[in-house]
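For reference, the structure discussed in these notes is given below.
Below you can see the structure in the form of structure tokens.
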């Protein structure tokens, strides 16, 4: 089997064999949330995508330092360095101190990520926690001649930069394209060129989040935090930088420029971007009425939702598509994902109960190779899931006596499911998330009572049990090896 | 009933009527954890103590801004400005970046606080996130003439300070006492006097957590973070500062000195300190083998523990003592607390099922007044709990037909329990924390099956149910209004 991981690099527009800078170590930086609103699908997708990358790299014996930031200042309402700070605006509207907003939505974000079974990153730095590092970087870019100061703000001089380094290499926009796109906004700007971007902004009198700097009171440009924090925790050059595709321009393009302008070093070897999400075929937006936050998915409270969907259904649905494909959320698609997930989860349980035979009628090695090949091919989770469904077919055939595995093959099949389904794809039982040990223990008793009732031909009681459990969403399955239960 | 809250103020050594600086608003700062180890009882006690203060002030219609910090740098191993940074040392031992240590133990701390049902504070600032603010404060103290610079470090000049402000007012130590206590450590010190303390420390070459400053690369003195962050989020003078009694000297004494030296303003109106914890009569310490972390209490895995204790048992045990009394943890005392908590919790459930009569034989108003009086008397939770046990007696007497309440009194009794037991003391059902809706629904079915079995004189089945539930820690209670269940 191929042990080499291939990653599609947005920078080179091709899959490349992954080679880490330091042997057996990976430095990975992923853009985290700007914490001024409820976590939604736009947070779930990169959260889950890079959680699987993190898990697979760890499984591949790398020591991974996974850094994901919290943007708690500096992210303005639009990308052309104009408008209010998103967090400060929310604070003004809710009459709270900005850091109260940050605290509230950071907690919501962490809660949502935990529900989706995303592992916490190794380090979770905050923009406001690294103002000094950002100021130092701005000073160095100024020293290197790639920025200019005007009215207390500092801008990266993109034309000057472009003389030495190719601007736009990540997004494929050249400087003329960029000029074209921004000209309309440019009338009253103090910038030399509309392609220039702020690396430090002067604080207007009404701007409440501000810090002293060599250029007066102000705040860092939004792109600067990721450059400063990735350098601090991963070094001037590191392995993987991830984020949503909407961040390619201007955010990540600016990070490359800042890295080159500060350290004469392209900061990242592999750029990875997850594709976007639509809801019922449309871009998600508050004005369209299709903006559904994660909590609403989990409890089914949004008008557009026919029912609640568990965090694992959302996770499964997202991983059923490759991270570079778009994903469209609809009730129909989610209900299909729910069925698929349940099928896999039930097979996991069946696998725990089936017995070994003397001979194997199925080639477990090939299944394992296929699973690794899928993950090594740019983390192709939909293909991996398809292979696991092959495994499900075999598991159910063994249960029905149509196929068999010997003891060591059965062990290997269990290991494959534990490794890929649980450890790498990060799925956990909905029972586990909504239920617990006590439920399992009490259900054991209920199944025993039902067995006794059937033995003594007390069908009223047996029916009562089945019907009452049915009402609360529990289904009983009778098999060769006894009865079991599962959530419908 | 008295509506005025009295608070014991460590500064004045007496109870004072609480009056907030801004009408209907309270600013409260509580010292949070230095995140370099597993959360333990020393975290649980201030967490729970000030959670109840926060809850009661909110219940009393104050808008409370509750700030609790995370110390992620600057806290050295001993209080005399010597030794390694606690987090950096842990990072060196575990071969991790300090911020990986911070992330790991911050998550553990949050998880433990959530288990104990402590509400998150309004803002949770970090020392490393406020280096600029700390440097500004050091600069101002220098300008004001209360500090001196030596070899790249800045020290608060306590003798100079003492000429204008009384040093030691909080701890009751005068400057001679302080000199006495520290003389032994003083041989190689660069300080002018051994009572002086660092407000900025030069970073030795091996010190990895460092920031540029006007005095060279270094890091803030530990006491400085709380001064800078409380000023930033609560103002130069705010209402309440809380923490463990071990922080009175030198930490809080230093905060008062820093506030005066910087702003000519005593920063805090009411200083509140929770008393210390012992385990089996001894101070908790790793060398004594009685250092039990919270996770070990929750799962019973420590040798000294006879069993696991739920987070609510720990919470109840801590609140059964007044926060200014010492608390000694032992298996015997915890098991008594467990019984007491279960008794209250069961009464809460009974209260939901009892029916109103035409007449009341019990004065519910007096109970309510007593509960408020207890909380208003310096948050006297043990007295409050004693009053709630009076309520339990009445609830059980009503169930047994010996007392009665009319409809409006019954409503009021329910309100008292909801307010004081749930909202203010913050107790939740152990069922709720270890169980869930599905367990409740399945248990309903089990109780129904048992009822049917008894009706049809199938005592084997009825006994089987009782015995099997007993094994998994569920106890069935038969009452006038039907059967119910509870965790033992």
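Residue numbers (the numbering used here), protein chains in the order written: chain A, 1 to 488; chain B, 489 to 976. Beta carbons are placed, not taken as given, at the ideal position from N, Cα and C, and that holds for glycine. Keep in mind it's a predicted model, so treat the numbers as computed, not measured.
Between residue 629 (chain B) and residue 711 (chain B), the alpha-carbon positions lie close to 14 angstroms from each other. Residue 27 (chain A) is classed as buried because its beta carbon has at least 16 other beta carbons within 10 Å across all chains shown.
Using a 10 angstroms sphere on the CB of residue 339 (chain A), the tally of other CB atoms stays under 16, which defines it as exposed. Under the three-state reduction of DSSP, residue 687 (chain B) is assigned to strand.
In this structure, the beta-carbon distance from residue 933 (chain B) to residue 439 (chain A) does not fall below 7 angstroms.
Scanning A:464, A:369 and A:487 for the CA closest to the CA of residue 344 (chain A) turns up A:487. Comparing C-alpha distances from residue 478 (chain A) to each of A:180, A:458 and A:399 shows the shortest one belongs to A:399.
If you compare the alpha carbons of B:698, B:943 and B:612 with that of residue 553 (chain B), the shortest gap goes to B:612. By the Cβ-count criterion, residue 840 (chain B) is exposed, with fewer than 16 other Cβ atoms from all chains shown falling within 10 Å of its own Cβ.
If you check the CB distance, residue 154 (chain A) and residue 200 (chain A) come in under 7 angstroms. Residue 311 (chain A) is positioned such that its CB atom lies closer than 7 angstroms to that of residue 116 (chain A).
Within the segment 547-566 of chain B, 553, 555 and 560 place their CB atoms closer than 9 angstroms to a CB of chain A, listed in sequence order.
For residue 299 (chain A), the enclosing alpha helix (DSSP H) has its first and last residue at 294-299.
DSSP, read as helix, strand or coil, puts residue 794 (chain B) in coil.
In the assembly as shown, residue 151 (chain A) is an exposed residue. Its beta-carbon has fewer than 16 other beta-carbons within 10 Å. The C-beta distance from residue 69 (chain A) to residue 37 (chain A) rounds to 17 angstroms, too long to fall under 8 angstroms, and the pair is not in contact. DSSP places residue 245 (chain A) in no beta strand (DSSP E); its state is neither H nor E. In the DSSP annotation of this structure, the continuous segment of the alpha helix (DSSP H) that includes residue 98 (chain A) starts and ends at 98-115. For the pair residue 893 (chain B) and residue 946 (chain B), the Cα-to-Cα distance works out to about 38 angstroms. Straight-line spacing of the CA atoms in residue 534 (chain B) and residue 346 (chain A) works out to 45 angstroms.
Per DSSP, the continuous alpha helix (DSSP H) segment holding residue 397 (chain A) begins and ends at 381-399. In this structure, DSSP gives residue 908 (chain B) a helical state, which the three-state scheme calls helix.
Taking the Cα of residue 408 (chain A) as reference, the smallest distance to any Cα among A:29, A:328 and A:355 is reached at A:355. Look at the segment 692-733 of chain B and you find these whole runs of alpha helix (DSSP H), each 4 residues long or longer: 710-722. Residue range 551-556 is occupied by the beta strand (DSSP E) that includes residue 551 (chain B). When DSSP states are grouped into helix, strand and coil, residue 583 (chain B) belongs to the coil group. Residue contact with chain B for residue 345 (chain A): absent (no Cβ-Cβ distance below 7 angstroms to any residue of chain B).
Taking C-alpha positions only, residue 452 (chain A) is separated from residue 484 (chain A) by approximately 15 angstroms. For the pair residue 730 (chain B) and residue 760 (chain B), the CB atoms are nearer than the 7 angstroms cut-off. In terms of Cα proximity to residue 563 (chain B), the closest of B:544, B:707, B:702 and B:538 is B:707. The beta carbon of residue 591 (chain B) sits closer than 7 angstroms to some beta carbon of chain A. In the DSSP assignment, residue 506 (chain B) falls outside any alpha helix (DSSP H) and carries neither an H nor an E.
By a beta-carbon distance limit of 8 angstroms, residue 49 (chain A) contacts residue 274 (chain A). Their separation comes to about 4 angstroms. Between the C-alpha atoms of residue 322 (chain A) and residue 377 (chain A) there is a straight-line separation of about 11 angstroms. Boundaries of the alpha helix (DSSP H) harbouring residue 51 (chain A): 41-59, taken from the DSSP string.
In this structure, the beta-carbon distance from residue 135 (chain A) to residue 227 (chain A) does not fall below 7 angstroms.
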